[in-house]
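Trainee: First the structure, which I've put down as structure tokens, then a few questions once you've had a look.
There are 2 protein chains.
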Amino acid sequence: MKKLINDPATVVDESVEGFGWAHADLVTVHRDPLYVVRADAPVEGKVGLVSGGGSGHEPLHAGFVGPGMLDAAVPGAMFTSPTPDSIAPATLAASSGRGVLHIVKNYTGDVLNFETAAELADAEGVEVRTVIVNDDVAVQDSLYTAGRRGVAGTVAVEKIAGAAADRGDDLASVASIAERVNANVRSMGVALSACIVPHAGNPSFDLTDDEIEIGIGIHGEPGRRRIPMASADEITEMLTTPVLDDLGLGGGEQVLLFVNGMGGTPLSELYVVYRKARHLVEARGAMVARSLVGNYVTSLEMQGASVTVLRLDAELMALWDAPVHTAALRW
Amino acid sequence: MKKLINDPATVVDESVEGFGWAHADLVTVHRDPLYVVRADAPVEGKVGLVSGGGSGHEPLHAGFVGPGMLDAAVPGAMFTSPTPDSIAPATLAASSGRGVLHIVKNYTGDVLNFETAAELADAEGVEVRTVIVNDDVAVQDSLYTAGRRGVAGTVAVEKIAGAAADRGDDLASVASIAERVNANVRSMGVALSACIVPHAGNPSFDLTDDEIEIGIGIHGEPGRRRIPMASADEITEMLTTPVLDDLGLGGGEQVLLFVNGMGGTPLSELYVVYRKARHLVEARGAMVARSLVGNYVTSLEMQGASVTVLRLDAELMALWDAPVHTAALRW
């Protein structure tokens, strides 16, 4: 295993410490328990937004803490849910009295731990609502999940809910907007290679030199099928068609098209995928109104990509366009 | 070779086409010859900035086209310099009559081709000045270079010269600012793995499972030495100490600290490197005033990182902070 780390036992702490120093204008890192919170938290008069999950998917979630998006992010160990004793304090730190929304990717550990944390926060007088993100159309139930997994669509939920909180929406409204994004976003991914979790030291699964996995999860969970290596256009079609079908995308609709890198694939290749995915969206008579291309929800150094499509209405588009200032997303 | 491409012969065209569609608000892609230019070029009353080089280093350079940075970028084939017949038209497209600055990484092919293009543009009445970026302290002379190579410091040159052009500086002043950045910036990189150039189909060099290359170039050119795998802190020290020594960094100075990923290394590891590099800068009594961490000057899917330090004065800091709106850098 060759990695730029010192020790599997300290990599998350050291990485988050470095992150906090690099972005001290935006965030404060709380140690023991570990969480990342807006430097100006709690923000008066605003619903707080908290997300989190296993580390190894950076920039998700800490890279999305800042004005217009999250108030706090809770990193667990690599590919391991954070525990309630870190989620609950992060929730309190994000609370200014108007309640807190938990944005949770649908993995059983995360769902349970955020639920317990919500109860702890409630006992402290902080009202918590939860939205579960489950945008991955690849499989129903998976290695760590009952139901569909939450993957790159989480970025859209966090961005748009963040904008709704920023404009002053109350907790029920922010939760409702987040649910609307989740209901209108679908994703599917492919792996060309596995990644190595530091404390494991070995690839999380095996792929031969001529094999790829369609419908991969962001922890290397099994997807739909393994197939021989194919062209970018063929692979992109295998990802995009199920996404568009599941979404029931029709002519005249407008979408956000988001091509996400799994961490180890060159940016140039992500734009090749984007090009074909855009063809496929347009072939249905829909229009790509907004685009995002890059490594946002990763699996360490996994090579691969995912295609995410979000159906936009005028309100969701305006909230997507609203200003955001975080380490990983800014406009 | 597993890559998200259709054909090594078309990957650059398809990638740039996708890039153009994804960022149509910012750029226009000109086909045959291939270059990327600001959608609103030429910008009246402003010195034009043009850069370019072999593809495979994305987001460099096309990702830096937009207000506050480049006016045009010219992508060559993978790891291959663009030719004068594409650089010259890009130069004309970027020209509004106040002259054009070529920002060229120091590789012999790029230097010669940009020089010829400058002569062609001059014949069309466009005054061109050139700054050669050579920030890599690892080696003197290399596989494709006489003298030091130009690597991640190019981002600082393009950003800061772009801000100088934006505030209305004339060609000589913009060139002078760019030279000042180059004189005050140093970089050094490490590879944990090689990358595969699509048309080659094989790794550009061989590293064993326990071996890394200190001082690697961004095309996999040999560095200073191969050593057994070491800890992130040890490796970071091997990169940062030569950078700080060469820069002659002293106590009380302020710097931009930039940790750049080579493309295949997880973001979490880049922050581990940043953390140690920051310790080392501060141990000299200098202050990290600005930070940048991410994949900006890559080598396809190479695993590794580089450390760049730019000595800042008040003017360079203000120009770094000036607004920028490109696909890859925005504030």
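These protein sequence lines map, in sequence, to chains Y and X. The first sequence begins at 996 in the working numbering and counts up by one. The second sequence begins at 996 in the working numbering and counts up by one. From the three backbone atoms N, C-alpha and C, an ideal C-beta is built for every residue, glycine too.
Any contact between the region 1009 to 1024 of chain Y and the region 1264 to 1277 of chain X? By contact I mean 3 or more CB pairs, one from each, below 8 Å.
Mentor: Judged by Cβ distances under 8 Å, the region 1009 to 1024 of chain Y makes contact with the region 1264 to 1277 of chain X, as three or more pairs qualify.
Trainee: Looking at chain X, is there any beta carbon in it that lies within less than 8 Å of the beta carbon of S1010(Y)?
Mentor: Sequence index remark: in the first sequence, residue 1010(Y) carries index 15 (1-based). Yes, because at least one Cβ of chain X sits closer than 8 Å to the Cβ of S1010(Y).
Trainee: Would you kindly report the start and end of the unbroken alpha helix (DSSP H) that includes R1143(X)?
Mentor: By 1-based counting over the second sequence, the position of residue 1143(X) is 148. That residue, R1143(X), is in no alpha helix (DSSP H); it is neither H nor E in DSSP.
Trainee: Using the Cβ count rule (16 or more neighbours within 10 Å means buried), how would you classify D1130(X)?
Mentor: As a working note, residue 1130(X) is residue 135 in the second sequence. Flag for D1130(X) reads buried.
Trainee: When we look at the beta-carbon of N1197(X) and count the other beta-carbons within 10 Å, is it buried (16 or more) or exposed?
Mentor: One-based indexing of the second sequence puts residue 1197(X) at position 202. N1197(X) should be labelled exposed.
Trainee: With Y1030(Y) as the anchor, note down where its beta strand (DSSP E) starts and where it stops.
Mentor: For the purposes of this step, residue 1030(Y) is identified with residue 35 of the first sequence, where counting begins at 1. First-last of the beta strand (DSSP E) with Y1030(Y): Y1030 to R1033.
Trainee: Would you say S1301(Y) lies against chain X (beta-carbon separation less than 8 Å)?
Mentor: Counting from one through the first sequence, the residue named residue 1301(Y) turns up at place 306. Answer no: the Cβ-Cβ gap between S1301(Y) and chain X never drops below 8 Å.
Trainee: Could you tell me which chain Y residues have their CB closer than 7 Å to the CB of V1288(X), listed as they occur along the chain?
Mentor: The sequence position of residue 1288(X) within the second sequence is 293, counting from 1. Those within 7 Å of V1288(X) in chain Y are A1017.
Trainee: For F1074(Y), report the span of its alpha helix (DSSP H) as first-last.
Mentor: As a first step, residue 1074(Y) must be located in the first sequence, where it is residue number 79. That residue, F1074(Y), is in no alpha helix (DSSP H); it is neither H nor E in DSSP.
Trainee: Suppose you measure from the CA of V1254(Y) to the CA of L1252(X); what does that come to, to the nearest Å?
Mentor: The count along the first sequence starts at 1 and reaches residue 1254(Y) at position 259. The count along the second sequence starts at 1 and reaches residue 1252(X) at position 257. Taking the straight line from one Cα to the other gives about 29 Å.
Trainee: Name, please, each residue of chain Y whose Cβ falls closer than 9 Å to the Cβ of I1211(X).
Mentor: Here residue 1211(X) refers to the residue found at position 216 of the second sequence. The premise fails here: I1211(X) is roughly 13 Å from chain Y at the closest Cβ pair, so nothing lies under 9 Å.
Trainee: Going by DSSP in three states, N1177(X) sits in which element: helix, strand or coil?
Mentor: Position 182 of the second sequence, counted from the first residue, corresponds to residue 1177(X). Reduced to three states, the DSSP call for N1177(X) is helix.
Trainee: First and last residue of the alpha helix (DSSP H) that includes H1274(Y)?
Mentor: As a first step, residue 1274(Y) is located in the first sequence; it is residue number 279 there, counting from the start. H1274(Y) -> alpha helix (DSSP H) spans L1262 to A1278.
Trainee: Using a beta-carbon distance cut-off of less than 7 Å, what residues from the region 1217 to 1231 of chain X approach chain Y?
Mentor: Those would be M1224, S1226, A1227, D1228 and I1230, in chain order.
Trainee: Since Q1298(Y) meets chain X, which of its residues come closer than 9 Å, beta carbon to beta carbon?
Mentor: In the first sequence, counting from the first residue as 1, residue 1298(Y) sits at position 303. Ordered by position in chain X, the residues that pass the 9 Å Cβ test against Q1298(Y) are K997, K998, L999, G1259 and E1296.
Trainee: Specify the secondary structure class of S1081(X) as computed by DSSP and reduced to three states.
Mentor: Translated into positions along the second sequence, residue 1081(X) becomes position 86. In the structure shown, S1081(X) sits in a helix (DSSP, three-state: H, G or I).
Trainee: Quick one: any contact between the region 1276 to 1287 of chain Y and the region 1120 to 1138 of chain Y, if contact means 3 or more CB pairs under 8 Å?
Mentor: No, the region 1276 to 1287 of chain Y does not touch the region 1120 to 1138 of chain Y.
Trainee: CB-CB under 6 Å to G1215(Y), same chain, minus the five flanking residues each way: which ones, in chain order?
Mentor: For this step, residue 1215(Y) is matched to residue 220 along the first sequence. The residues are A1189, S1199 and F1200.
Trainee: With E1208(Y) as the anchor, note down where its beta strand (DSSP E) starts and where it stops.
Mentor: Counting from one through the first sequence, the residue named residue 1208(Y) turns up at place 213. Note, E1208(Y): beta strand (DSSP E), E1206 to I1209.
Trainee: For S1301(Y), which residues does DSSP report across the bridge?
Mentor: What you label residue 1301(Y) is simply residue 306 of the first sequence in a count that begins at 1. Answer is G1184(Y) and N1255(Y).
Trainee: For a test of the three-state rule: what should DSSP assign to I1213(Y), helix, strand or coil?
Mentor: Taking the first residue of the first sequence as position 1, residue 1213(Y) is located at position 218. I1213(Y): coil per DSSP, three-state reduction.
Trainee: Contact defined as beta carbons within less than 8 Å: I believe V1176(X) pairs with A1151(X). What is the distance between those atoms, to the nearest angstrom?
Mentor: What you label residue 1176(X) is simply residue 181 of the second sequence in a count that begins at 1. What you label residue 1151(X) is simply residue 156 of the second sequence in a count that begins at 1. About 5 Å; that satisfies the 8 Å criterion.
Trainee: Buried or exposed, going by whether 16 or more other CB atoms sit within 10 Å of the CB of L1307(X)?
Mentor: As a first step, residue 1307(X) must be located in the second sequence, where it is residue number 312. Label assigned to L1307(X): buried.
Trainee: Check each candidate in V1146(X), E1264(X), R1181(X) and V1024(X) and name the one with the smallest Cα separation from P1084(X).
Mentor: Stepping through the second sequence from its first residue, residue 1084(X) is reached at position 89. Out of V1146(X), E1264(X), R1181(X) and V1024(X), V1024(X) has the C-alpha closest to the C-alpha of P1084(X).
Trainee: Keeping to the same chain, check which residues put their C-beta closer than 7 Å to that of P1054(Y); ignore five residues upstream and five downstream.
Mentor: In the first sequence, counting from the first residue as 1, residue 1054(Y) sits at position 59. Cβ within range, chain order: Y1291, A1322 and A1323.
Trainee: Mind checking if V1276(X) is an interface residue toward chain Y, Cβ cutoff 8 Å exclusive?
Mentor: For the purposes of this step, residue 1276(X) is taken as residue 281 along the second sequence, with counting starting at 1. Answer no: the Cβ-Cβ gap between V1276(X) and chain Y never drops below 8 Å.
Trainee: Please classify W1016(X): is it buried, with 16 or more other beta-carbons within 10 angstroms of its beta-carbon, or exposed?
Mentor: Locating residue 1016(X) in the second sequence gives position 21, counting from the first residue. The residue is buried, with at least 16 neighbouring Cβ atoms inside 10 Å.
Trainee: Where do the N-terminal and C-terminal ends of the alpha helix (DSSP H) with V1011(Y) fall, by residue?
Mentor: Looking up residue 1011(Y) in the first sequence gives position 16. Per DSSP, V1011(Y) belongs to the alpha helix (DSSP H) from V1006 to A1017.
Trainee: Tell me whether A1159(X) sits in a helix, a strand or coil according to DSSP, three-state version.
Mentor: One-based indexing of the second sequence puts residue 1159(X) at position 164. It is helical.
Trainee: If you compare alpha carbons, which of M1183(Y), L1202(Y), I1222(Y) and A1227(Y) is closest to I1211(Y)?
Mentor: Sequence index remark: in the first sequence, residue 1211(Y) carries index 216 (1-based). The residue with the shortest Cα to Cα distance from I1211(Y) is M1183(Y).
Trainee: Taking 8 Å as the CB-CB cut-off, is F1014(X) touching chain Y?
Mentor: Your numbering for residue 1014(X) matches position 19 in the second sequence. Closer than 8 Å to some Cβ of chain Y, the Cβ of F1014(X) qualifies, so yes.
Trainee: Could you tell me which residues DSSP pairs with M1282(Y) in its beta bridges?
Mentor: Numbered from its first residue, the first sequence carries residue 1282(Y) at position 287. Note: M1282(Y) sits in a beta bridge opposite Q1249(Y).
Trainee: Along chain X, in chain order, which residues have C-beta atoms closer than 8 Å to that of R1279(Y)?
Mentor: Along the first sequence, one-based indexing puts residue 1279(Y) at 284. Under the 8 Å cutoff, chain X gives no residues; its nearest Cβ is about 16 Å from R1279(Y).
Trainee: Nearest-angstrom Cα distance between T1005(X) and A1281(Y)?
Mentor: Within the second sequence, the letter at position 10 stands for residue 1005(X). Within the first sequence, the letter at position 286 stands for residue 1281(Y). If I take the Cα positions, the gap works out to 27 Å.
Trainee: Would you call the CB atoms of Y1102(X) and R1144(X) closer than 8 Å?
Mentor: Position 107 of the second sequence, counting from 1, holds the residue named residue 1102(X). Position 149 of the second sequence, counting from 1, holds the residue named residue 1144(X). Their beta carbons are under 8 Å apart, which means Y1102(X) touches R1144(X) by this criterion.
Trainee: Roughly how many whole angstroms lie between the Cα atoms of I1191(Y) and A1225(X)?
Mentor: Along the first sequence, read from residue 1 onward, the residue named residue 1191(Y) stands at position 196. Along the second sequence, read from residue 1 onward, the residue named residue 1225(X) stands at position 230. Straight-line Cα distance between these residues: approximately 17 Å.
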